[in-house]
Amino acid sequence: LDMALRELKVCLLGETGVGKSSIVWRFVEDSFDPNINPTIGASFMTKTVQYQNELHKFLIWDTAGQERFRALAPMYYRGSAAAIIVYDITKEESFQTLKNWVKELRQHGPPNIVVAIAGNKCDLSDAREVSEKDAKDYADSIHAIFVETSAKNAININEVFIEISKRIPAVDVVGATAARGFKLGRQASESHRTCC
Amino acid sequence: MDGEAQNESVACEKATLAPVDRLRSNRAESPTPGLVEGTEPGAVQKSAFFAHAQSFEDLTAEAEEKAEQEGVVEDSGQTEDELQVLVGERTITEQHAQDVSPQSRSKEEDMSSEAWRSHRKHVFVLSEAGKPIYTRYGSEEALSSTMGVMMALVSFVESDKNTIRSIHADGCKVIFLAKSPLVLVGVSQTYQSDKELLRELQYIYYQIVSLLTLTQLNHIFQNKQNYDLRRLLAGSEYLTDNLLHRLDRDPGLLLSAVTCLPLSNSVRDVVSSSLQAAKAKNLVFSILLAGDRLVTLVRKKDQFLHHIDLHLVMNLVGSSSSFREGEGWTPICLPKFNTAGFFHAHISYLESASDLCLILVSTDREDFFNMSDCKQRFLERLTKRTAYQALKEALKCPSYSVEQVGIPELRHFLYKSKSSGLYTSPEFPELYQSDEEQERLMGLYQDLHSHLHHPVRPLRFFYRCTNKENLLAWVTNGFQLYLCFSPLGTKAMAVSAVNKLLKWIRKEEDRLFILSPLTY
Chain A
1 LDMALRELKV
11 CLLGETGVGK
21 SSIVWRFVED
31 SFDPNINPTI
41 GASFMTKTVQ
51 YQNELHKFLI
61 WDTAGQERFR
71 ALAPMYYRGS
81 AAAIIVYDIT
91 KEESFQTLKN
101 WVKELRQHGP
111 PNIVVAIAGN
121 KCDLSDAREV
131 SEKDAKDYAD
141 SIHAIFVETS
151 AKNAININEV
161 FIEISKRIPA
171 VDVVGATAAR
181 GFKLGRQASE
191 SHRTCC
Chain B
1 MDGEAQNESV
11 ACEKATLAPV
21 DRLRSNRAES
31 PTPGLVEGTE
41 PGAVQKSAFF
51 AHAQSFEDLT
61 AEAEEKAEQE
71 GVVEDSGQTE
81 DELQVLVGER
91 TITEQHAQDV
101 SPQSRSKEED
111 MSSEAWRSHR
121 KHVFVLSEAG
131 KPIYTRYGSE
141 EALSSTMGVM
151 MALVSFVESD
161 KNTIRSIHAD
171 GCKVIFLAKS
181 PLVLVGVSQT
191 YQSDKELLRE
201 LQYIYYQIVS
211 LLTLTQLNHI
221 FQNKQNYDLR
231 RLLAGSEYLT
241 DNLLHRLDRD
251 PGLLLSAVTC
261 LPLSNSVRDV
271 VSSSLQAAKA
281 KNLVFSILLA
291 GDRLVTLVRK
301 KDQFLHHIDL
311 HLVMNLVGSS
321 SSFREGEGWT
331 PICLPKFNTA
341 GFFHAHISYL
351 ESASDLCLIL
361 VSTDREDFFN
371 MSDCKQRFLE
381 RLTKRTAYQA
391 LKEALKCPSY
401 SVEQVGIPEL
411 RHFLYKSKSS
421 GLYTSPEFPE
431 LYQSDEEQER
441 LMGLYQDLHS
451 HLHHPVRPLR
461 FFYRCTNKEN
471 LLAWVTNGFQ
481 LYLCFSPLGT
491 KAMAVSAVNK
501 LLKWIRKEED
511 RLFILSPLTY
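Quick mapping for you: the protein sequence lines, in order, are chains A and B.
Going by full-length UniProt numbering, the first residue of the first sequence is number 1, and it counts up by one from there.
Going by full-length UniProt numbering, the first residue of the second sequence is number 1, and it counts up by one from there.
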């Protein structure tokens with residue numbers, strides 16, 4: 001069976017402790033660890049899923065939310081096809097941080113980057129500080145994908161990635177010889193080129 | 001500086017300039033107990049992979065020289081009052097029971113409580129403006145006035161063009177280490193010497209530098225003297241917590257050495273050469289760990305890794321579950337290599353749920369995919385060989401029991417080969433299974449170590465009887481040896497055990513040590 005393979009570079013951004021890694025672990029491994037340590041630097045994982053008549057290989061950069069890694073972020077969002085910006089629905093402050101990330105992406109990110117906003121920890125709605133409507137309105141105003149997720153209860157995790165697949169323009173097809181060996185920053189521009 | 005330290009530095013220089021290059025078959029059968037460095041059991045054949053700085057002395061020499069020139073300040077009536085803020089009166093055993101494990105970092109600890117005061121060892125880090133940066137127990141915010149007092153002490157003595165080193169009072173020592181732009185203070189109720197405590201503070205200093213680089217630290221405080229450094233360290237405190245825990249428990253940090261996974265020579269050679277073959281332009285160090293044990297280390301020719309830097313890497317990897325999935329990519333400063341810049345480390349486990357962790361250290365921050373490729377090539381090469389299966393088998397018994405040595409009354413030992421910077425030690429016997437007993441035994445070793453490395457009167461040989469065990473320590477130019485016997489043994493038995501043990505280590509050295517480290 002000959003199905004076209006597309007590589008989609010996705011990075012996760014957001015304040016420390018909002019659950020970026022948990023979302024990725026749930027998506028890639030379908031597992032959840034409540035005592036996960038904060039990510040150090042960044043973590044790279046891949047997962048291939050079928051989307052219509054294509055295979056989408058997500059190259060996922062899960063970045064650390066800690067302040068000391070802040071300056072490294074451009075290395076990861078540069079050349080990303082999509083960014084998932086995560087906040088914690090029980091922490092108003094993390095939603096403000098999210099808005100700063102949106103600003104930064106607008107100023108320095110790739111022009112056509114697909115932005116998805118994920119309000120994580122929706123299983124903790126008793127402690128909610130950010131209303132779903134406010135977040136949805138904000139997401140609509142910047143034409144971003146919006147979902148509330150729970151990595152713990154596996155709610156809407158796959159959906160985020162499906163939505164990203166939908167929004168990626170269906171033009172460029174890259175052969176199976178992946179973009180391995182290219183620099184981090186150049187990765188995506190390479191994958192926008194048709195191979196062979 | 002004392003004479004011994006100088007002798008050692010001479011011996012070390014010699015080892016670097018003229019590495020002992022002999023064939024494995026030529027190695028002496030009987031261990032004329034390595035009185036010359038490079039001939040002791042476990043000695044490397046080519047140059048070792050560690051920077052050939054002096055191990056222990058190297059760490060404290062700088063601070064000591066400075067202090068020696070400037071004189072020492074010890075207890076004065078004025079400071080003693082203030083000390084009461086920091087410590088209460090407790091006996092060692094009581095404090096011990098109350099020690100909290102580093103995993104449960106309780107920031108809500110009540111700092112006016114006896115429990116807080118009576119922790120065996122406090123560590124505080126502050127900025128030169130007196131702002132709290134780190135405390136081992138409790139929360140930094142609540143300690144700003146206490147840290148203010150500490151800074152006042154440092155400045156008061158400094159204003160007289162002097163340096164405060166330590167305050168001894170009430171069975172408690174307060175050790176100061178000024179490492180601009182940071183000030184580190186240790187408050188200890190253990191029996192450790194000032195020198196040992198200073199060494200531990202140095203480790204904490206290097207831990208912070210490894211997260212930020214010294215250049216960045218200086219830059220931050222030059223721009224804003226009262227900057228709150230906790231902003232940049234937020235979420236990384238557990239690394240320092242864990243390092244302090246290791247300092248209490250890991251013989252490697254005491255001996256300035258690392259230990260290897262016992263592995264047959266031929267298997268290790270295959271693993272090493274597979275790693276050596278997976279090289280890349282900017283790759284400087286390839287390190288394969290099995291938990292806290294070294295499987296192999298390949299380095300760029302002429303580049304050495306200092307054992308402190310390796311301990312910091314081990315602490316980073318061992319403290320965090322975040323590397324368990326996927327491939328990690330993080331900047332890391334190796335302060336003994338260069339305090340000014342970051343390396344970039346690719347960190348990943350060979351298989352999920354495996355203990356084998358590969359760390360590839362590159363100079364280029366955009367080198368991730370090259371490093372990922374190196375790992376792939378290494379794995380492909382290794383998995384084709386039967387050695388991989390043997391390596392996985394070896395993981396099942398990462399240590400050995402002291403009974404294998406066949407010396408009655410011997411309970412435990414530490415042996416460090418100086419030229420290789422590697423040590424070996426059996427697993428803890430049944431008597432020392434509890435955390436308390438293991439820490440107590442480590443405390444005894446620390447005490448022996450203090451005596452052997454005393455700044456004024458270093459000892460070469462030390463035998464000590466207590467009602468729970470008899471201890472023997474011996475240091476030569478080639479090795480350091482610490483033995484723990486049952487209290488029924490005699491001194492004569494202990495002395496004769498040394499030769500037997502050295503013979504045994506010589507016989508097993510292929511398995512316990514890395515005799516021929518590789519470079520690319």
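Every residue gets a Cβ at the ideal spot worked out from N, C-alpha and C, and that includes glycine.
Remember, it's a predicted structure, so these values are computed and weren't measured experimentally.
- With contacts defined by Cβ atoms closer than 8 angstroms, Gly326(B) and Ser150(A) do not form a contacting pair.
- Only buried fits Arg506(B), as 16 or more other CB atoms lie within 10 angstroms of its CB.
- Note on geometry: alpha-carbon atoms of Val28(A) and Ser188(B) lie some 46 angstroms from one another.
- At least 8 angstroms separates the CB of Pro111(A) from every CB of chain B.
- Contact between the region 32 to 43 of chain A and the region 313 to 321 of chain B is present, with at least three C-beta pairs closer than 8 angstroms.
- Between Leu501(B) and Ile407(B), the CB-CB gap stays under 8 angstroms.
- Annotation: Pro169(A) has no Cβ neighbours in chain B at a cutoff of 8 angstroms; minimum Cβ distance is about 25 angstroms.
- With respect to chain B, the C-beta atom of Trp101(A) has no partner C-beta closer than 8 angstroms.
- Our two residues, Gln446(B) and Asp248(B), have alpha carbons roughly 9 angstroms apart in a direct line.
- Going by DSSP, Tyr205(B) is part of the alpha helix (DSSP H) stretching over 194 to 212.
- Glu54(A) is the residue among Asn153(A), Glu54(A), Val18(A) whose C-alpha sits nearest the C-alpha of Met3(A).
- Cβ-Cβ distances below 6 angstroms link Leu289(B) to Cys357 in the same chain, with the five nearest sequence neighbours on each side left out; the list follows chain order.
- Judged by beta-carbon spacing, Ile85(A) lies within the 8 angstroms limit of Val115(A), meaning their Cβ atoms are closer than that value.
- In this structure, the alpha-carbon of Ser266(B) lies about 8 angstroms from that of Ala387(B).
- The closest CA to that of Ala169(B), considering only Met151(B), Pro181(B), Asp194(B), is found on Asp194(B).
- Between Met45(A) and Glu366(B), the C-beta gap is not smaller than 8 angstroms, which leaves the two residues out of contact.
- Burial is judged here by how many other beta carbons sit within 10 angstroms of a residue's own beta carbon; Asp110(B) has fewer than 16 and is exposed.
- Straight-line spacing of the CA atoms in Phe337(B) and Gln389(B) works out to 35 angstroms.
- For Thr330(B), the closest Cβ of chain A is nearer than 8 angstroms.
- Within the same chain, and ignoring the five residues on either side of Pro455(B) in sequence, the residues whose Cβ sits closer than 6 angstroms to its Cβ are Lys195.
- Assignment of Lys224(B) by DSSP, reduced to helix, strand and coil, places it in the coil class.
- Under the DSSP assignment, Met45(A) falls in the beta strand (DSSP E) whose first and last residues are 42 to 51.
- Secondary structure at Gln438(B): helix, using DSSP grouped into helix, strand and coil.
- Within the same chain, Ser286, Leu288, Thr296, Val298, Phe378 come within 7 angstroms of Leu275(B) by CB-CB distance, once the 5 residues on both sides are set aside.
- For the pair Leu105(A) and Ala83(A), the CB atoms are nearer than the 8 angstroms cut-off.
- Interface annotation for the region 327 to 352 of chain B against chain A: Glu327, Gly328, Trp329, Thr330, Pro331, criterion Cβ-Cβ distance under 7 angstroms.
- Per DSSP, reduced to three states, the secondary structure at Asn338(B) is coil, with no helix or strand assignment.
- The three-state reading of DSSP puts Glu114(B) in helix, counting H, G and I together.
- Closest by C-alpha distance to Pro335(B), out of Val149(B), Gln216(B), Ala394(B), is Gln216(B).
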